[in-house]
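K.L.:
Attaching a single structure in structure tokens format; questions to follow.
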Amino acid sequence: MSDLMQIYHKLFTHYGPRDWWPAESPFEVAVGAILTQNTNWSNVEKAIVNLKAAAVLSSPAICALERGRLEELIRPSGFFRQKAERLQLFTNHLRDHYAHDLQGLLQRSLNTARAELLALKGVGPETADSILLYAGERPSFVVDAYTGRLFGRLGLLSGSENYMQIRALFMTGLPTEVPLYNEYHALIVAHCKEFCRKKPRCTGCPLTAICPYNLHQ
DNA sequence: GGCCAGGACACCA
DNA sequence: TGGTGTCATGGC
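In the numbering used here, the protein residues as written are 2 to 218.
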């Protein structure tokens, strides 16, 4: 079994299915992907609750919202001015090209849809891949800071790889299966939240047997 | 009271 | 192309 699959199985055995992405619709996934940029998910949840309570968690509604009102609603997620602009750039794009139907974008070829998302100001590689995988169920592996940190500590990355190189490691080393990509990224996040933050906690870590990090404390 | 969180972008050398 | 500053709230 490959190192990647071995790690996956250890994580899955320890944490179980993560049931990602926590959202009621693909559009909510996309909104969450933008709001969670460099932000704790609990803060994003507060913003999502606000949007739902105001009945504006839809592309047409966000388009139509006055900017200051949108900022107010998403304020708990932090960087609220940037994120309000990014959300409206995103929904304006859906309005202009897909009559507000996110599926129209998500059903294009993977590389085309990805390039289209990346062309939007405020949508970088992680946000684009999160939308493609978790909203579109497309096989685009999501890389985040946790991924680089964990697999660097495990010795599978040197630390000099860029986003696309890390993504390619997973996409060439794993079978092209959406449920696997979905679960793997979610497991990496679950694991890193508990054991692999900037200051690691190794006691009880399910990867101790294959992780040399705790030997270097 | 500092650190950190499910990034992205502008600017600069 | 790589490094640095900026954006901001909330939990621990």
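Just so it is clear, CB atoms sit at the ideal spot from N, CA and C, and this is done for glycine as well.
I need the straight-line Cα distance from Ala-210 to Ile-8, nearest angstrom please.
P.N.:
Taking the straight line joining both Cα atoms gives about 11 Å.
K.L.:
Quick check on DSSP: helix, strand or coil for Asp-20?
P.N.:
In this structure, Asp-20 counts as coil in the three-state DSSP scheme.
K.L.:
Pairs of beta-carbons, one from the stretch 165 to 173 and one from the stretch 189 to 203, closer than 8 Å: are there three or more?
P.N.:
With the cut-off at 8 Å, the stretch 165 to 173 and the stretch 189 to 203 do not touch.
K.L.:
Less than 7 Å between C-beta atoms, sequence neighbours within five positions excluded: which residues of the same chain meet that for Arg-82?
P.N.:
Correct list, in chain order: Glu-72.
K.L.:
Determine, using beta carbons only, whether Pro-126 and Tyr-182 come nearer to each other than 8 Å.
P.N.:
No; because the gap between Cβ atoms is not below 8 Å, this pair is not in contact.
K.L.:
Out of Gly-33, Cys-64, Ala-116 and Ser-60, point me to the one whose CA is closest to Val-50's CA.
P.N.:
The option with the nearest alpha carbon to Val-50 is Gly-33.
K.L.:
Under the assumption that Lys-64 contacts Thr-92 (Cβ atoms under 8 Å), give the Cβ distance between them as a whole number of angstroms.
P.N.:
Reading off the sequence, residue 64 comes out as Cys, not Lys. Correct: roughly 5 Å between the Cβ atoms.
K.L.:
By alpha-carbon positions, which one of Leu-88, Gly-149, Ser-26 and Leu-157 ends up nearest to Cys-193?
P.N.:
Looking at the Cα atoms, Gly-149 is the closest of the given residues.
K.L.:
Leu-188: which of Tyr-147, Trp-42 and Gly-69 sits nearest, CA to CA?
P.N.:
Cα-wise, what sits closest to Leu-188 is Tyr-147.
K.L.:
Kindly indicate which three-state DSSP category Ser-131 falls into: helix, strand or coil?
P.N.:
Here Ser-131 sits in helix by DSSP.
K.L.:
Going by DSSP in three states, Gln-218 sits in which element: helix, strand or coil?
P.N.:
Because Gln-218 sits at a pLDDT of 45, beneath the cut-off of 50, its placement in the model cannot be relied upon, and the following sentence gives the value as read from the coordinates. Three-state DSSP puts Gln-218 in coil, outside helix and strand.
K.L.:
Where in the stretch 85 to 173 do unbroken runs of the beta strand (DSSP E), each at least 3 residues long, occur, reported from the N-terminal end onward?
P.N.:
For the stretch 85 to 173, not a single whole beta strand (DSSP E) run of length 3 or above is found.
K.L.:
Would you kindly report the start and end of the unbroken alpha helix (DSSP H) that includes Gly-205?
P.N.:
Gly-205 -> no alpha helix (DSSP H), and no H or E assigned at all.
K.L.:
Just to confirm, is the Cβ distance from Arg-168 to Phe-142 under 8 Å?
P.N.:
Cβ distance < 8 Å, so Arg-168 and Phe-142 count as in contact.
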